[in-house]
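Here's the structure we're looking at; comments come further down.
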Amino acid sequence: MFNITNHIKKTIVIAFALTVVFSCKNNFDDVKKIGISENAPIGVAENLNLKYTDSGRVTANLRSPKMLDFSNRDFPFSEFPDHVELDLFDDANQKSTITADYAIVYDKTGLIDMQGNVVLASPENDTLFAEQLYYDQNREWLFTNKPVMFKSKGNILRGNMFDSNVKFTQVAIAESKEGVIILEE
2 MFNITNHIKK TIVIAFALTV VFSCKNNFDD VKKIGISENA PIGVAENLNL KYTDSGRVTA
62 NLRSPKMLDF SNRDFPFSEF PDHVELDLFD DANQKSTITA DYAIVYDKTG LIDMQGNVVL
122 ASPENDTLFA EQLYYDQNRE WLFTNKPVMF KSKGNILRGN MFDSNVKFTQ VAIAESKEGV
182 IILEE
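Per the working numbering, residue 2 is the first one in the sequence shown, and the count goes up by one each step.
So, in structure tokens, the structure goes:
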């Protein structure tokens with residue numbers, strides 16, 4: 002009788018221990034987030050000068066006095082609240098420069114959203130002025146559906162939509178007073 006009671010007790014203890022072990026879940030990611038506000042950045046960088054390279058060649062240079070890192074989010078991004086300058090270099094090392102008051106870089110999509118007094122100057126002295134401009138890093142494409150003014154070869158074009166590659170060889174401006182204007186080489 003003593004062996005049966007002892008065996009039942011052992012079985013109950015083992016069943017309880019297994020229940021406790023298997024009811025626990027891996028919440029290490031949740032533990033790492035303790036003390037971090039979901040609205041606060043995970044990091045702050047000041048006087049940033051970031052260079053992007055491809056096969057040893059500098060393709061872009063991003064400068065800003067301040068960057069807020071929100072890589073702890075489900076859709077990670079970096080925010081540049083105090084001004085941003087972005088130099089884009091083509092295969093011939095010709096530089097186009099984009100400046101803006103504010104920018105967000107979305108890590109997963111490679112999209113840069115620049116806002117406020119956006120100015121893009123190309124090596125050919127083409128200049129784009131916009132309230133907002135998106136740059137798709139993967140496709141090397143610029144676009145916006147906000148009002149723009151584009152100065153090119155002595156012409157000034159205004160519109161409410163802009164779509165172009167970074168070399169300005171495929172430019173589309175829509176909803177302009179002059180009509181839709183497409184410039185191609």
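By construction, the Cβ of each residue, glycine as well, lies at the ideal position given by its N, Cα and C atoms.
Helix, strand or coil at residue i according to DSSP, with G and I counted as helix
i: Leu155; result: According to the sequence provided, residue 155 is Gly. The question's Leu does not apply to it. Coil.
i: Pro42; result: coil
i: Glu186; result: Legend: pLDDT at Glu186 = 49, less than 50; position of this residue unreliable, value from coordinates given subsequently. It is coil, neither helix nor strand.
i: Lys52; result: strand
i: Gly160; result: strand
Alpha-carbon to alpha-carbon, residue j and residue i
i: Ser79; j: Trp142; result: 20 Å
i: Lys154; j: Glu125; result: 9 Å
i: Asn166; j: Gln138; result: 11 Å
i: Met68; j: Lys147; result: 25 Å
i: Thr145; j: Leu134; result: 5 Å
i: Glu47; j: Lys168; result: 31 Å
i: Phe76; j: Gln171; result: 31 Å
Nonlocal neighbours in the same chain, by C-beta distance under 6 Å from residue i, ignoring five residues either side
i: Leu63; result: Leu51 and Leu87
i: Tyr136; result: Ile113 and Leu143
i: Asn161; result: Pro148 and Glu176
i: Gly111; result: Gln138 and Asn139
Supposed close pair residue i, residue j - CB separation, criterion 8 Å
i: Phe90; j: Thr60; result: 6 Å
Sequence-distant residues of the same chain with beta carbon closer than 7 Å to residue i, five excluded per side
i: Gly44; result: Asp70
i: Gln95; result: Pro124
Near the ligand NAD: residue i beta-carbon under 7 Å from a heavy atom
i: Leu143; result: Looking at this structure, you won't find the ligand NAD or any other ligand, since it has none at all.
Contiguous beta strand (DSSP E) assignments of at least 3 residues, all confined to the segment 66-136: 78-81, 85-90, 96-101, 103-107 and 112-122
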